[in-house]
Amino acid sequence: MAIESLIEGYRAFRAGTYKQNVERYRLLGEQSQKPKALVIACCDSRTDPAMVFSTDPGALFVIRNVANLVPPYEPDPHFHGTSAAIEFGITGLNIDDLIVMGHARCGGIEALYENGLGHRAKGDFVSSWMSLAQGVADDVKKTHAHLERDDMLRMMEMRAVVASLDMLRTFPFIREREADGRLRLHGWFYGIATGILSVYDPKSDRFHEVPEKA
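Numbered by the numbering used here, the letters in the sequence shown go through residues 399 to 612 in order.
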């Protein structure tokens with residue numbers, strides 16, 4: 399049933415959106431991509447950057463992984479999918495705005511929280527990957543021990559965005575471009591249930607909601 403619905407969705411796309419924008423898609427297919435921004439987002443099925451930001455195809459270069467985390471700069475022979483995509487987007491496509499987009503009710507952050515209670519996630523990869531944010535979890539538990547579970551998870555989700563921004567600066571080509579003004583880093587947080595986007599302000603070290611009207 400799920401596959402059938404996807405096929406029907408494709409047919410609707412071909413008959414509607416594609417048919418109404420044939421020339422646009424032709425140009426997208428013939429020219430090199432020139433995205434306006436790079437977004438590191440979670441692979442959660444409920445958070446689609448293109449939908450949230452109402453962008454056309456070709457506007458965003460999107461990297462998605464569990465909990466929108468950025469690994470450290472480690473140029474070794476191992477496999478680094480996220481790092482490779484970051485490198486390509488910044489040095490290959492010369493994108494000058496890089497956004498880390500976190501979100502509420504993140505399953506990866508919840509798994510990290512539960513792991514701290516002794517409930518280790520099943521499988522071979524999730525716990526290891528989420529260890530990238532272990533320092534975030536430990537710090538939030540220490541400085542916000544009074545928070546209830548949901549509020550603590552929200553704080554961890556937001557602080558993980560900030561930690562990923564810091565981790566991006568371990569990449570020399572990002573650090574250099576940010577220093578000379580060629581690259582701007584942004585931390586954003588999206589509330590799935592509320593539809594509200596909040597932007598990180600490094601001066602106040604807080605996230606502030608984006609007004610619906612400028």
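Every residue gets a Cβ at the ideal spot worked out from N, C-alpha and C, and that includes glycine.
I need the straight-line Cα distance from G456 to H544, nearest angstrom please.
44 angstroms
Can you list the alpha helix (DSSP H) stretches of 4 or more residues lying completely in the segment 441–475, in chain order?
447–450
Thinking just about the alpha-carbon of each residue, which of F411, L425, H501 is nearest to the one in M554?
H501
To the nearest angstrom, how far is it from the Cα of L595 to the Cα of K601?
18 angstroms
Once you ignore the five residues that flank E560 on each side, which residues in its own chain have a CB closer than 7 angstroms to its CB?
A small fix is needed here, since residue 560 is Val in this sequence, not Glu. Within the same chain, V560 has close Cβ partners G585, Y598.
Cβ neighbours of G479 in the same chain (closer than 8 angstroms, five flanking residues each side left out)
N463
Could you tell me if M449 is buried or exposed, where buried requires 16 or more neighbouring beta carbons within 10 angstroms of its beta carbon?
exposed
Within 10 angstroms of its Cβ, does T592 collect 16 or more other Cβ (buried), or is it exposed?
exposed
So, C504 versus C440, is the Cβ gap smaller than 7 angstroms?
yes
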